[in-house]
Amino acid sequence: MTKMANYVDASMAADIRAAVQECSERGLYKAAQWAADLLLTIPEAKRNAQLPAIETTFSTTTPARNTANASTSFMESPTKLPPRHPHAASLKSLPPELLQHELQLEALEEDEIAMARAWMDTREYTRIAPALRNCRSSKARFLEIYSRYAHNNSPTVLRELLRLVRGTADPWLLFLKGLFLKHLGRREEAAESAILSIAGFLWNWSAWELLRSCISDNEQMSALIQLLPVPENHPLTQMFQIKTMSDLQLASDHEMSLSAKLLEPNCFPKNDFLYGLRGCIMYNNHDMGAAVVEFERMLELDPWHIEYVDVYSFALHVNEGTRKLSRLSREYLLLNKDHPEVACFVGNYYSVRSYHTDAIKYFKRAVDLDPTYDTALTLMGHEYIEMKNAQAAITAYRQTLDIRRDDHRAWYGLGQAYELLSMHNNALHYFLHATSIVPYDMRMWQAAGHCYEVLGRIRQAIECYKRSLISADPRETNVKLNLARLYYKLGEKMESVSFHRRIIEISQAEQRDVADYAKSCIEVAAYQMDIPDGDLNLAREYLSSVAASNSEDVVRATNMLKRIPQLIAKQTAAREADVVEA
């Protein structure tokens with residue numbers, strides 16, 4: 120892979136710097152903040168290096184300013200890149216004459232645009248559109264349409280706004296077009312608009328986030344990444360891949376490796392966004408200790424970093440308990456009580472203390488602050504499940520899925536809610552859908568297996584439990600115990616005993632208390648005592664260990680041991696008779 124140092128340079132820094140200004144001037148504050156944070160983590164020598172005259176960026180805003188001069192040094196590496204997809208988007212910029220015309224329009228409308236930006240800052244959205252109605256520049260059109268969307272994004276209004284941006288080639292208006300299409304459920308068209316927007320202005324992170332929201336699985340990710348206007352080894356493509364795979368909870372060592380390269384000294388060292396993503400990846404991979412380490416590196420760089428603190432709270436609870444969680448909850452509330460992630464952080468603290476009513480109050484507050492905050496809605500659903508309020512849980516989970524269809528936690532939660540209502544066919548539907556999103560999460564397969572079992576479909580239950588073992592800890596025994604029990608129920612004793620023997624082997628290797636696996640010892644011994652030529656010495660060994668333990672099966676094991684000498688004598692006599700006949 121091309122080294123990152125080959126293409127993080129002064130030209131790229133200039134492009135990112137321009138993105139901070141361009142996004143800020145359009146009210147895309149999260150994208151502006153993201154770009155500003157990224158810019159400041161570029162080494163100072165590269166960030167402040169003098170650009171050659173030919174690469175000097177425009178000092179004024181343009182509709183597609185950075186693509187004509189976008190840093191291409193990553194393409195100059197001797198490393199051979201794979202051929203690009205024939206339908207991949209290409210970086211674009213306005214022809215000089217159109218660019219000049221656009222700049223002139225913006226200069227003429229400078230006062231109106233400045234006023235609109237001021238109203239955008241104070242969220243007085245209804246005042247913006249009338250003030251810009253007669254303006255003709257692309258920036259003014261963006262502010263007018265975006266303010267109308269911010270004020271009211273009902274389907275009726277979205278369809279009206281969509282008509283205003285139909286046929287546009289401006290990258291910022293293409294971003295709005297994709298945003299409207301996404302809200303109207305037209306994902307494929309939204310993804311196309313997002314890619315075209317990125318091709319026109321590369322460093323608008325909001326466009327990349329929009330594209331990410333259109334992806335629901337690994338296959339879609341693999342297909343779309345080939346259509347991007349920059350190759351797979353570009354920093355933006357790699358950050359997009361890390362973010363998307365993390366959000367889909369499908370990130371692996373590959374994404375951790377990509378993030379490590381991006382954090383190298385010549386790239387974006389000390390970037391708290393990347394450390395936060397690494398923490399999320401570790402959390403989703405159930406490595407809570409490593410997740411806490413990554414999140415605390417993030418907080419060392421920015422002690423009041425808000426993004427991802429909700430996930431940090433989840434990892435912190437599992438890894439360190441509630442004391443630190445309690446302290447940080449108070450500190451974050453004092454810092455910014457009106458931030459949705461902070462409300463979620465506090466809600467999680469109350470959740471782990473089993474104060475479900477208080478937890479729901481803070482999760483609701485998080486949703487009030489950000490109606491698209493799917494994590495808070497999902498957690499609210501979990502609290503309702505704990506309170507056995509299935510209908511309220513169903514409502515919360517369905518709201519989550521209205522925002523994000525690929526949230527497996529919401530599908531799993533719906534399954535749990537319908538189980539509470541004893542509607543196991545419905546529950547099974549939702550559990551199976553969850554397995555299609557996260558096929559290697561053993562909890563989803565176990566839940567589906569339990570539903571099949573309740574419905575009397577034992578064969579399907581067995582298949583689900585076996586499927587869950589693929590990603591389970593090899594030392595796990597509960598699922599194997601279920602499989603042993605179900606095979607016994609089907610009368611397939613040999614299969615049942617094979618799982619019991621595996622449980623015994625694992626338990627003995629782990630030096631667990633005999634009481635933990637006594638029933639498996641009993642079952643294996645009983646099988647060996649029932650079949651001709653059974654291994655009676657093995658049966659005696661297992662029964663002796665149970666009889667000498669503090670298990671509730673001591674009496675049964677002792678009684679079975681009394682039969683062993685008689686069975687050995689019978690087995691010996693049968694063998695001698697066979698020898699005589701031969």
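With this note's numbering, letter number 137 in the sequence shown gets 256, and the count goes up by one each step, no holes.
Every residue, glycine too, gets a C-beta built ideally from N, C-alpha and C.
These figures come from a predicted structure and were not determined experimentally.
Considering only residues of the same chain and omitting the five flanking positions on each side of Leu262, which have a CB-CB separation below 8 Å? Arg145, Gly146, Ile232, Ala235, Arg236, Met239, Ile247 and Leu251
Please confirm whether Asn323 and Cys570 have their CB atoms less than 8 Å apart. no
Classify Ala183 as buried or exposed, calling it buried when 16 or more other Cβ atoms lie within 10 Å of its own Cβ. At Ala183, the pLDDT of 44 sits below 50, so the modelled position is not reliable; the number obtained from the coordinates is stated separately. Buried, since its Cβ has 16 or more Cβ neighbours within 10 Å.
With 16 other CB atoms within 10 Å as the buried threshold, where does Arg682 fall? exposed
What separation, rounded to the nearest whole angstrom, lies between the Cα atoms of Glu221 and Phe320? 15 Å
Thinking C-beta only, is Leu280 closer than 8 Å to Ala310? no
Can you have a look at Thr356 and say buried or exposed, based on whether 16 or more other CB atoms are within 10 angstroms of its CB? buried
DSSP state of Ser273 mapped onto helix, strand, coil: coil
Beta-carbon within less than 6 Å of His458's beta-carbon, same chain only, minus the 5 sequence neighbours each way: which residues are those? Ile425
So, with DSSP's three-state summary, where would you put Ala591? coil
Would Tyr83 be called buried (16 or more neighbouring beta carbons within 10 Å of its own) or exposed? Residue 83 lies beyond the residue range present for the chain, which begins at 120 and ends at 701; the question has no answer from this structure.
Just the C-alpha distance for Leu315 and Leu277, rounded to the nearest angstrom, thanks. 20 Å
With 16 other CB atoms within 10 Å as the buried threshold, where does His373 fall? exposed
Nearest-angstrom Cβ-Cβ length linking Asn544 and Leu574, presumed shorter than 8 Å: 7 Å
Collapsed DSSP secondary structure at Thr175 in the structure displayed: Residue placement at Thr175 is flagged as unreliable, the pLDDT there being 40, under the threshold of 50; the coordinate-derived value follows with that caveat. It is coil, neither helix nor strand.
Taking 8 Å as the threshold, find out whether the segment 528-537 comes into contact with the segment 489-502 through three or more Cβ pairs. yes
Where do the ends of the alpha helix (DSSP H) carrying Trp564 lie? Met561 to Val573
Taking its Cβ as the centre, do 16 or more other Cβ atoms sit within 10 Å of Glu383, making it buried, or is it exposed? exposed
By the three-class DSSP mapping on this structure, what secondary structure does Met375 have? helix
For the alpha helix (DSSP H) containing Phe387, name the first residue and the last one. Unbroken run through Phe387: none, as it is neither H nor E.
C-alpha gap between Cys333 and Lys301, whole angstroms: 7 Å
By a C-beta neighbour count over all protein chains shown, 10 Å radius and 16 as the cutoff for buried, is Lys258 buried or exposed? buried
Inspect the CB distances between the segment 658-666 and the segment 630-645 and report whether three or more fall short of 8 Å. yes
When you measure from the CB of Thr363 to every non-hydrogen atom of the ligand HEM, does any distance come out below 7 Å? For the ligand HEM, the structure offers nothing, since it holds no ligand at all.
Tell me whether the beta-carbon of Phe387 lies closer than 8 Å to the beta-carbon of Leu396. no
Roughly how many whole angstroms lie between the Cα atoms of Asp128 and Lys165? 5 Å
Report, in whole angstroms, the separation of the C-beta atoms of Ile622 and Ser639, which I expect to be a contact under 8 Å. 4 Å
Let me know the secondary structure DSSP gives Asp635 once reduced to three states. helix
Residues near Glu538 by beta carbon distance below 6 Å, same chain, minus five either side: Ala546
How is Asn352 classed by DSSP in three states: helix, strand or coil? coil
Would you report the Cα separation of His548 and Glu582, rounded to the nearest angstrom? 16 Å
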